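Here the protein sequences line up with chains A and B, keeping their order. Just so we're on the same page, this note's numbering is the position in the first sequence counted from 1, plus 226. Just so we're on the same page, this note's numbering is the position in the second sequence counted from 1, plus 226. Every residue, glycine too, gets a C-beta built ideally from N, C-alpha and C. None of the values given here were measured: they were computed from a predicted structure. Taking it in order: structure first as structure tokens, then the write-up.
There are 2 protein chains.
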Amino acid sequence: MEKFEITILGCGSATPSPKHYTSSQVVDVRGKLFMVDCGEGTQIQLRRSHVAFARINHIFISHLHGDHCFGLLGMISSFGLLGRTAPLYIHAPQELGHMLSQELSFYCRDLEYTVEFQGFDPTVTAVVYEDRSLTITVFPLRHRVPCAGFLFREKPTADHLDRAAADFYKVPQWEYNRIKEGGDFITQDGTVVAHERLTKPAGPVRSYAYCCDTVYNPAMLPIIKGADLIYHDCTYASDDSDRAIKHFHSTAADAARTALEAQAGRLMLGHFSARYTDESILLTEACRIFPNTILAKENLTVTI
Amino acid sequence: MEKFEITILGCGSATPSPKHYTSSQVVDVRGKLFMVDCGEGTQIQLRRSHVAFARINHIFISHLHGDHCFGLLGMISSFGLLGRTAPLYIHAPQELGHMLSQELSFYCRDLEYTVEFQGFDPTVTAVVYEDRSLTITVFPLRHRVPCAGFLFREKPTADHLDRAAADFYKVPQWEYNRIKEGGDFITQDGTVVAHERLTKPAGPVRSYAYCCDTVYNPAMLPIIKGADLIYHDCTYASDDSDRAIKHFHSTAADAARTALEAQAGRLMLGHFSARYTDESILLTEACRIFPNTILAKENLTVTI
Chain A
227 MEKFEITILG CGSATPSPKH YTSSQVVDVR GKLFMVDCGE GTQIQLRRSH
277 VAFARINHIF ISHLHGDHCF GLLGMISSFG LLGRTAPLYI HAPQELGHML
327 SQELSFYCRD LEYTVEFQGF DPTVTAVVYE DRSLTITVFP LRHRVPCAGF
377 LFREKPTADH LDRAAADFYK VPQWEYNRIK EGGDFITQDG TVVAHERLTK
427 PAGPVRSYAY CCDTVYNPAM LPIIKGADLI YHDCTYASDD SDRAIKHFHS
477 TAADAARTAL EAQAGRLMLG HFSARYTDES ILLTEACRIF PNTILAKENL
527 TVTI
Chain B
227 MEKFEITILG CGSATPSPKH YTSSQVVDVR GKLFMVDCGE GTQIQLRRSH
277 VAFARINHIF ISHLHGDHCF GLLGMISSFG LLGRTAPLYI HAPQELGHML
327 SQELSFYCRD LEYTVEFQGF DPTVTAVVYE DRSLTITVFP LRHRVPCAGF
377 LFREKPTADH LDRAAADFYK VPQWEYNRIK EGGDFITQDG TVVAHERLTK
427 PAGPVRSYAY CCDTVYNPAM LPIIKGADLI YHDCTYASDD SDRAIKHFHS
477 TAADAARTAL EAQAGRLMLG HFSARYTDES ILLTEACRIF PNTILAKENL
527 TVTI
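Structure below.
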């Protein structure tokens, strides 16, 4: 199966802790690397990880709180020092555009590559990136400020040709693509060989939903439904649910309920408050509702 | 002796390395804490250190390269989250003022304390901070952009009263201060007891010079002369002296020569290039010229 991997660079919340870095992760889809959020220290974590950072061409910023974007300038500068020449695309809430451009003019005058800002509206669901094999959709979360979630979804692929069957029926090579896309084959004597006899079904379409920072947000369920993996805000345990609501964050139970209702494959909890020296309390709480749950941690790579 | 301590938070150069954080340190003079430079990740290091960060009221920024100031916004934000109410003074090259004020309005709208910007001209030697026991002087270094060094110097203190001698001559308490400041004592029968018999000399005036980033810069020698400790740019070893000159940085030999010519007490090398996995080559090189040399490292505290 083609690569579809998430590597966590930071999964702490805003208040710095000795245990966690602030939010950042890298999504690797078939060798294309997408960064999601870029809190302070992301470039440090990136150098410690095995992520081939030169292959990161797109960075997605969910919202404009510092713990999700204060690493951006340092990383842009360091990419310059390390000899980057390829353009870097920053996808972020529209209002960052002007500020970032001023900061780049002030701090990063000598870059030998271009930073292309691509603003989006975090209050509207929309596809903001698309290539041959992938779409990335922005959708609204519910946080203190406009905040986006991101859905990474593979595009359906054509069925795989069954070479043995194709050889048996003497299918000429120039027919292969048409058959993979759904066509039948007609032999020289007029016999119809059904598409299904010549192919094996393509693998299921995989998807990954990043939902951080948010309170419990049922409005997003139709968008993330069936995701193989959901990364969800899990700042607090349920005994701090008042605090969660006040700060527009989620409890472990909120995250698990979301995964259950979205019929997700797996749930990864993240954005942990610095108050938990041991996050197993969060894991236990979530697993009671949605057993297939794991805790994010720095340098963890999860394969979808 | 009153406290005079330097704690290193980061001593790497601009390119991120898995080994070092970018420039930042805290100078503790008699319980008052001054931060010098604030590269990305400073707040992370601060939380890992034993520095009482709430007592940091002044931050000095040497120049506007990201590895010396990209940690500022994150730290200012986190101080807010952690409930700071005391004003925070940022002393930095004048041109940062406008940019910082824009960034604060954009990213840090809800601070419950004030950030007071106090700009200086890094091309001019001037006292930029003074209290009862300390002066901090800015002086020009030679870097690619205007860049300041900082000299922390204790003010001379009054001599210490020798209590046994004072009791012997029956000196009344209300005379103590006058005698400590240099006065003699006259007994009731008219005998003059010399100041020197009643006091012990105050400790020597201590000073610390922060000289990072710079090429070898003899112009600063009169200012830092006799410093108890010099922290000096030591980005490269001598076999990279071409590179050092090109980037306006120093070699270990440049740093040692500066310490020798300044008749310093000790030299601490810092701002290491990421190319050195083992910095002992830099230490060896410097010690040949100035033996009383140490390597900076994260979380090292040096007492003056």
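Within the stretch 254-286 of chain A, the residues whose Cβ lies closer than 7 Å to any Cβ of chain B are, in chain order, GLU266, GLY267, GLN269, ILE270, ARG273, ARG274. Membership of PHE332 of chain B in the alpha helix (DSSP H) is indicated by the continuous run 322-333. Per the C-alpha coordinates, the member of A:LYS245, A:ASP357, A:HIS294 positioned closest to GLN271 of chain B is A:LYS245. Exclusion of the five residues before and after GLY292 of chain B leaves no residue of its chain whose Cβ lies closer than 6 Å to its Cβ. Rounded to whole angstroms, the separation of the alpha carbons of THR527 of chain B and CYS460 of chain B is 19 Å.
As summarised for the stretch 419-452 of chain B, the continuous alpha helix (DSSP H) elements at least 4 residues long and confined to that stretch are 421-424, 447-450, given in chain order. At a C-beta separation below 9 Å, PRO244 of chain B has these neighbours in chain A: ILE270, ARG273, ARG274. Remark: C-beta atoms of GLU342 of chain A and LEU314 of chain A approach each other more closely than 9 Å. By the criterion of a C-beta distance shorter than 8 Å, PHE346 of chain A is surrounded in its chain by HIS317, ALA318, PRO319, GLN320, ALA352, VAL354, VAL364, ALA374, once the five residues flanking it on both sides are discounted. Listed in chain order, the alpha helix (DSSP H) runs fully inside the stretch 232-313 of chain A are 268-274, 292-295, 298-307, counting runs of at least 4 residues.
Spanning the alpha carbons of ALA463 of chain A and LEU290 of chain B requires a straight line of approximately 41 Å. For the stretch 318-341 of chain B, the set of residues with a beta-carbon nearer than 8 Å to any beta-carbon of chain A comprises MET325, GLN328, GLU329, PHE332, TYR333, CYS334, in chain order. Residues of chain A whose Cβ lies closer than 8 Å to the Cβ of THR241 of chain B are, in chain order, SER304, LEU307, LEU308.
Between ALA488 of chain A and ALA453 of chain A, the alpha-carbon positions lie close to 7 Å from each other.
By the 16-neighbour rule on beta-carbons within 10 angstroms, MET494 of chain B is buried.
Comparing alpha-carbon positions, the option among B:LEU508, B:GLU356, B:PRO398 lying closest to GLN414 of chain B turns out to be B:PRO398. Leaving aside the five residues that flank SER275 of chain A on each side, the residues in its chain whose CB is nearer than 7 Å to its CB run, in chain order, THR233, LEU235, ASN525.
Non-local beta-carbon contacts of LYS451 of chain B in its own chain, meaning distances under 7 Å to residues more than five positions away in sequence, involve ALA488, GLN489 in chain order. MET301 of chain A is classed as buried because its beta carbon has at least 16 other beta carbons within 10 Å across all chains shown.
At a cut-off of 9 Å between beta-carbon atoms, GLY429 of chain A makes no contact with chain B.
Not flagged as an interface residue toward chain B: PHE498 of chain A, since no C-beta distance is shorter than 9 Å.
Nearest to LEU360 of chain B by C-alpha distance, out of B:PRO427, B:VAL371, B:LYS381, B:GLY429, is B:LYS381.
Cβ-Cβ separation between LEU377 of chain B and SER433 of chain B: approximately 6 Å, consistent with a contact (criterion under 8 Å).
In the three-state DSSP reduction, GLN399 of chain A falls in the helix class (H, G or I). Within 10 angstroms of the beta-carbon of MET227 of chain B lie fewer than 16 other beta-carbons, which makes it exposed. Taking 3 residues as the shortest admissible run, the stretch 495-529 of chain A contains the following complete beta strand (DSSP E) segments, listed from N- to C-terminal end: 519-521, 527-529. Taking 9 Å as the cut-off, the beta carbon of ARG469 of chain B is found closer than this to the beta carbon of HIS475 of chain B. The residue from B:ASP439, B:HIS473, B:ALA478 with its alpha-carbon nearest to that of SER250 of chain B is B:ASP439. The three-state secondary structure of PHE474 of chain A, taken from DSSP, is coil. ARG335 of chain B and ILE362 of chain B have their alpha carbons spaced roughly 31 Å apart.
Judged by DSSP in its simplified three-state form, ARG389 of chain A adopts helix. Beta-bridge analysis with DSSP links THR363 of chain B to B:VAL353, B:LEU377. Under the 9 Å criterion on CB atoms, GLY408 of chain A is classed as non-interfacial with respect to chain B. GLY300 of chain A reaches chain B at GLU266, GLY292, PHE296, counting residues in chain order whose Cβ is nearer than 7 Å.
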